[in-house]
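Everything on this sheet refers to the single structure shown next.
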Amino acid sequence: MELTPQIFQAIRQINTLISGLVDESTHVGVRQQLLEIISQATGYAYGLIAEVGQAPDTMEITALCLPTWMVSPVERLVGHSLVGFQFAVDLQAALETPPVEFFEHLADFHKPHPKPVGMALESLLKVKHLVSIRQHTSNTYLGAVSFAATHPHPDFAALEYLCNNHLVYALRLMHEQTEKARLRHSLHEEVETQVKARTVSLENALEQAQAAEEKLTESYLGMMKAHETEKIQLKETEGLLEGLRVLTDTFEAQGIYAGIMNLPRGLFDYEEAFILVVREDGKLDVRASTSPIFEKTQWQAQYFFKRILAGEPVAVFETKMVAEWAGQPKAVIARAGSALHIPLLTGHTQAILIYTHTERGKFTQAHQKLAERFTGLAIHALKNVELFEKLQHERDSLEQIVTERTEELQTANHDLQQEVAEHEKTEAALKLEKQHYQSLFEQTNDAVFFIGLDGRHLAANSRAAEMLDYKMEELLALTVREIVVPDELPFFAEKLGAMLNGQMLSLYERTFRKKDGTEFPVEVNASLVFDAEGNPLYAQSVVRDISTRKQAEQAIASLAKFPEESPFPFFRISLTGRILYANKSSVSLLETWQTENGTYFPTSLLDRFLTHNANQPTEPLTLEVKFDAQTYAFTFVPIPEMGYINVYAQNITEAKRADRMKAEFIANVSHELRTPLASILGYTELLYEMTVGELTPTQKEFLDIIYDSGQHLLMLVNDLIDVTKMETGHLDLQVKQLYPSHVMKKVYARLIPIANNKKIRFEMDLDPDLPPLLADEGRLEQVISNLLSNAIKFTPSEGAVKLRAHMVNQTHLHICVSDSGIGIHAEDLPRLFNRFYRGQNITSTAISGTGLGLYITKAIIEAHGGKITVKSSIGQGSTFEVCLPLKRSQ
Ligand code: ADP
């Protein structure tokens, strides 16, 4: 018989119960407990104890493990059964009959027993076999115990062993104690004493027997165990060595799990294994499995698994008895009838290693121990893995730290380099700045001095030496006292004192002395330089030679006196006529005007100027005015940007008178000249007509010159007479209504031969509807003749000259003389109408003329209330435009 841990435990439990039996009062429930211990330990589902009753020839069921509905039929069975009943009557027969009846086939059982009971056992309780063991001492029949199993292979040997060696002791002891109690009641004291003595001896005997039995059991067990252990240890050692090798070879948790699951194959009999690992959320994950069936399972740690996770390994006889397993699908339970649960706890990982077998009760405590030893190694290996992983992690983080640190150092290094570069840059900039200051110091137009507090020159720039005509070393050997004129030394000391008292000095002017003693004015800008503590170190002064400026200032001052010193009256007036300034010479005029407040310019005069300028005073203008029989010329010069007008006045009374006298003289002379000139020209013409004889070619040539010169002289005299008339105001116009086209056609016709001579294309284009005009016919003829003669004169041959006339606005006649001639220089245009003025174009061509033609023309046109303008460009030709009003304004 194999003494399994369950049997061993049952023995111990039974012994404990026996040791608790003192008297009848301690019997309660003991029989039932005994029955249950034995049923469980041996794998019999049902059982009962039947004992000889108090009444003669009766049997009583004293303990029962059977569904209650079966109690009554079984009682009946017990009543009739040979299970013990007949032996109660006949002890001898009992002693001689083998104690055990074993109904391997229930059919056998049916024969001597009532059929319904047998059928009920078989069909309802699925009893596969039934056993009855009689219990008796050497002289007393105690009763019988019966067990029924629902599976074919219960541990019968263990059952027999437990019943015959242990249960019977218990029953006998209880029987004796009951007997004793019964006797105690019925016998006298004496008898009682005897009974007591007997009981004691019985007890002693029992104790001895018990001790002997225990010894026997122990030695038996020891023997069995030694043998088993030896066998197992050998296997274990081999397996464990192998396991150790595999487990220490790997540093992966999964490898170790695989190792743990597969290696005990040689050590004990299991079919599948898997590992459940506790996740962080408390759920269980199947981490490794030898069979796919467990891989899909879901687990939850309830009471049982919690016990295991608390560190208690458990071999489960029948898995479905455990809640965690009972919840699994049928297929899973079918594959795992029994299971061995081993905790795998590393302090970091919580896991359960489970070995399974389809059969129930496949795992014993010995398996459990073995697996524990084995997994102890696995746990070490797992811890190593964790340690390895931790080290790996630490190494990684260390590497990370090193990388980060390196990066930090690189950044710091980079920053440092940048700082150095920055520093170098700053130094270079400072150097440059220093150079700039140095060159500024040297190149500045001003003299710069650094002067010690004792007045000695500490440093100076070359301009300083140059300004004072000293060599640099000479200058530095001097003190400031030697370059300032002696009169100003006290002033110098005073300034220094003020600076030392913290005063800021503004620019001031001094007089310096050069090496040769020449004195010159300077402008000084001085300041003190202090150290970090605020103590004065030296004075720096920038000195500028202001001789030139002084001279300029004097010049400006004297110029400012210029209008005041002028002998001519000078005014500056606002556009409204207010006198802003009047010089000394204007006093007599101001007195003459006697304006209300004396500060306003005569309105009539200013109005004339403004009207002439169409109220836009930009052009200068000279106007003649009489005040108190004195004639004045007022020249108005507007200064628009300043908003005032400068008026220069000149008393021209005398000049006017002289002019008039001169004009009268010229007029007289001209008239006197004209008479002999007429004779000269008349006689010359006679000579031409050859009434006085034939002329030689040379005489004719000379005569030509006399005639041309005479003509020129006549023209000049005529012009002079005209000019004089104009200037003395004697140009009287004989105005009448006339047709301008007649006048123009007449002049045009007269000039055609001259134009033809020069091969000039000479054209006339007159508006056919030109209205009559009020004018002096002779003077108008003179104007058109002057303009056309000039045009032909200043146009080379093959050129063109054109006379045009048309009306403008029905009020003005517009006459236009244009040519394609040599043109007029722009700078000549403004002065073209002046007396005796001849343009630059004349010099190169030696074209004869007086320079009076245009002057007279303009005067005639203006006397008619008209205007003449000219446009010209060199090489392109000129256009003179005359604009005459049809009616003269008064
Ligand atoms: P002149 O007797 O010199 O012609 P004018 O008073 O008639 O005097 O003319 C003055 C000047 O104007 C001339 O000398 C000439 O320089 C210039 N001038 C006048 N008309 C023309 C023109 N049509 N083309 C070129 N220059 C001219």
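Residue numbers 0 to 889, in numbering that gives the first Met the number 0, belong to the letters of the sequence shown in order.
Glycine is no exception: its CB is placed at the ideal position from the N, C-alpha and C atoms.
Computed from a predicted model, the values in this text were never measured in an experiment.
Practice item. Could you tell me which of Arg607, Leu831, Ser587 sits nearest to Phe936, measuring between CA atoms? Key: The structure shown does not extend to residue 936, since the chain is modelled only from 0 to 889, so the question has no answer here.
- Query: the ligand ADP heavy atoms versus the CB of Tyr836: any closer than 8 angstroms?
  - Reply: Start at 1 with the first residue of the sequence shown, and residue 836 comes out as number 837. Taking 8 angstroms as the cut-off, one finds at least one heavy atom of the ligand ADP near enough to the beta carbon of Tyr836.
Task: DSSP beta-bridge partners of Ile840 - done: In the sequence shown, residue 840 corresponds to position 841, counting from 1. The sequence shown places Asn at residue 840, not Ile. According to DSSP, Asn840 bridges with nothing at all.
### Message
Could you check whether the Cβ of Ile821 sits closer than 8 angstroms to any heavy atom belonging to the ligand ADP?
### Response
For the purposes of this step, residue 821 is identified with residue 822 of the sequence shown, where counting begins at 1. Yes; taking the cut-off as 8 angstroms, the Cβ of Ile821 has a heavy atom of the ligand ADP nearer than that.
Contact test: Ser871 Cβ vs the ligand ADP heavy atom, cutoff 8 angstroms
Here residue 871 refers to the residue found at position 872 when the sequence shown is read from its first residue. Checking the Cβ of Ser871 against the ligand ADP gives yes.
Could you please give the first and the last residue of the uninterrupted alpha helix (DSSP H) stretch that includes Ile873? As a working mapping, residue 873 is identified with position 874 in the sequence shown. It is not in any alpha helix (DSSP H) - Ile873 carries neither H nor E in the DSSP assignment.
Legend entry - For Gly777, three-class secondary structure by DSSP: Looking up residue 777 in the sequence shown gives position 778. In this structure, Gly777 counts as helix in the three-state DSSP scheme.
Contacts around Glu441, its chain only, beta-carbon distance under 7 angstroms, and the 5 residues preceding and following it disregarded
Against the sequence shown, residue 441 aligns to sequence position 442. Cβ within range, chain order: Asn460, Ser461.
Which two residues bound the contiguous alpha helix (DSSP H) that contains Thr510?
-> By 1-based counting over the sequence shown, the position of residue 510 is 511. That residue, Thr510, is in no alpha helix (DSSP H); its beta strand (DSSP E) goes 507 to 512.
- Message: According to DSSP, Met641 sits in a beta bridge with which residue or residues?
- Response: Within the sequence shown, residue 641 is the residue found at index 642, counting from 1. Secondary-structure assignment with DSSP links Met641 through no beta bridge to anything.
(message) Taking 8 angstroms as the cut-off, is the beta-carbon of Phe879 closer than that to any non-hydrogen atom of the ligand ADP?
(response) To locate residue 879, count along the sequence shown from 1; it is residue 880. The answer is yes for Phe879.
* Ala62 and Leu16: beta carbons closer than 9 angstroms? -> Here residue 62 refers to the residue found at position 63 of the sequence shown. Here residue 16 refers to the residue found at position 17 of the sequence shown. Result no, Cβ atoms of Ala62 and Leu16 do not sit closer than 9 angstroms.
beta-carbon Lys801 near the ligand ADP non-hydrogen atom, thresh 8 angstroms: On the sequence shown, residue 801 is found 802 positions in, with the first residue counted as 1. Not under cutoff, so the answer is no.
| said: Per the DSSP calculation, Glu818 is bridged to which residue(s)? | reply: Reading the sequence shown from its first residue, position 819 is the one you call residue 818. Residue identity check: residue 818 is Asp in the sequence provided, not Glu. BP columns for Asp818 point to Val800.
Within 10 Å of its beta-carbon, does Glu367 have 16 or more other beta-carbons around it, so buried, or fewer, so exposed?
What you label residue 367 is simply residue 368 of the sequence shown in a count that begins at 1. Per the sequence presented here, residue 367 reads as Gln, with Glu not at that position. Buried, since its Cβ has 16 or more Cβ neighbours within 10 Å.
Based on Cα-Cα distance, which residue from Met641, Ser337, Leu719 lies nearest to Ala662?
-> Within the sequence shown, the letter at position 663 stands for residue 662. Cα-wise, what sits closest to Ala662 is Leu719.
In chain order, what residues of the same chain have a beta carbon less than 7 angstroms from the beta carbon of Ile307, not counting five sequence neighbours either side? Here residue 307 refers to the residue found at position 308 of the sequence shown. These residues qualify, in order along the chain: Val313, His340, Pro342, Ile351.
Beta-carbon proximity list for Asn524, same chain, < 6 angstroms, skipping 5 on both sides: Numbered from its first residue, the sequence shown carries residue 524 at position 525. Cβ within range, chain order: Leu506, Val541.
DSSP-derived helix/strand/coil call for Gln349
On the sequence shown, position 350 is the one that residue 349 refers to. Gln349: strand per DSSP, three-state reduction.
* Quick one: Cα of Ile10 to Cα of Leu386, how far? -> Counting from one through the sequence shown, the residue named residue 10 turns up at place 11. Counting from one through the sequence shown, the residue named residue 386 turns up at place 387. For Ile10 and Leu386, the distance between alpha carbons rounds to 46 angstroms.
Check your understanding: So, helix, strand or coil for Lys792, using DSSP?
Key -> Walking along the sequence shown from the start, residue 792 turns up at place 793. Three-state result, Lys792: helix.
Tell me where the beta strand (DSSP E) around Leu477 begins and ends.
Taking the sequence shown and counting its residues from 1, one reaches residue 477 at position 478. Looking at the DSSP string, Leu477 is not in any beta strand (DSSP E), and its letter there is neither H nor E.
Quick test of your reading: Thr939 and His456, contact by CB under 8 angstroms. State the CB separation rounded to the nearest angstrom.
In this structure the chain extends from 0 to 889, so residue 939 is not present and cannot be described.
Report task. Given a cut-off of 9 angstroms, decide if Ala44 and Ala180 are closer than it, judged by their beta-carbon atoms. Result -> Here residue 180 refers to the residue found at position 181 of the sequence shown. Here residue 44 refers to the residue found at position 45 of the sequence shown. By the CB criterion at 9 angstroms, Ala180 and Ala44 fall outside the cutoff.
Distance, Cα to Cα, Thr697 vs Val691? As a position in the sequence shown, residue 697 is number 698, starting the count at 1. As a position in the sequence shown, residue 691 is number 692, starting the count at 1. Between the alpha carbons of Thr697 and Val691 lies a gap of roughly 16 angstroms.
#### Entry: Whole-number beta carbon distance between Arg834 and Tyr854, since they are thought to touch under 8 angstroms
For the purposes of this step, residue 854 is taken as residue 855 along the sequence shown, with counting starting at 1. For the purposes of this step, residue 834 is taken as residue 835 along the sequence shown, with counting starting at 1. Sure, about 5 angstroms apart at Cβ, within 8 angstroms.
Self-check item: Buried or exposed (CB count within 10 angstroms, at least 16 for buried), Val167
Solution: As a working note, residue 167 is residue 168 in the sequence shown. With 16 or more other Cβ atoms within 10 Å, it is buried.
Task: Uninterrupted beta strand (DSSP E) stretches inside the stretch 493 to 577 (no shorter than 3 residues) - done: 507 to 512, 518 to 529, 535 to 544, 569 to 573
Hey, quick one: how far does the beta strand (DSSP E) through Tyr45 stretch, first residue to last? Translated into the one-based positions of the sequence shown, residue 45 becomes position 46. Its beta strand (DSSP E) spans residues 45 to 51.
### Message
Any contact between the stretch 667 to 686 and the stretch 635 to 642? By contact I mean 3 or more CB pairs, one from each, below 8 angstroms.
### Response
no
Exercise. What's the call for Trp68, buried or exposed, on a 16-neighbour Cβ count within 10 Å?
Worked result: Position 69 of the sequence shown holds residue 68. So Trp68 ends up on the exposed side.
task = Could you tell me if Gln889 is buried or exposed, where buried requires 16 or more neighbouring beta carbons within 10 angstroms of its beta carbon?
result = Within the sequence shown, the letter at position 890 stands for residue 889. Any reading at Gln889 must be qualified, since the residue scores a pLDDT of 43, below 50, and its modelled position is unreliable; the value itself is stated next. Result: exposed.
* Asked: What runs of the alpha helix (DSSP H), each 4 residues or longer, lie entirely inside the stretch 146 to 183?
  -> 155 to 161
Run the proximity test for Thr868: is its beta-carbon closer than 8 angstroms to any non-hydrogen atom belonging to the ligand COA? This structure lacks the ligand COA; its bound ligands are the ligand ADP.
Q | Paired residues, beta bridge with Ala143 - DSSP | A | Position 144 of the sequence shown, counted from the start, is the residue given in the question as residue 143. According to DSSP, which records beta bridges pairwise, Ala143 is partnered with Ala49, Arg133.
- [ ] Could you tell me whether any non-hydrogen atom of the ligand ADP is closer than 8 angstroms to the CB of Asp827?
- [x] The sequence position of residue 827 within the sequence shown is 828, counting from 1. Answer for Asp827: yes, Cβ within range of the ligand ADP.
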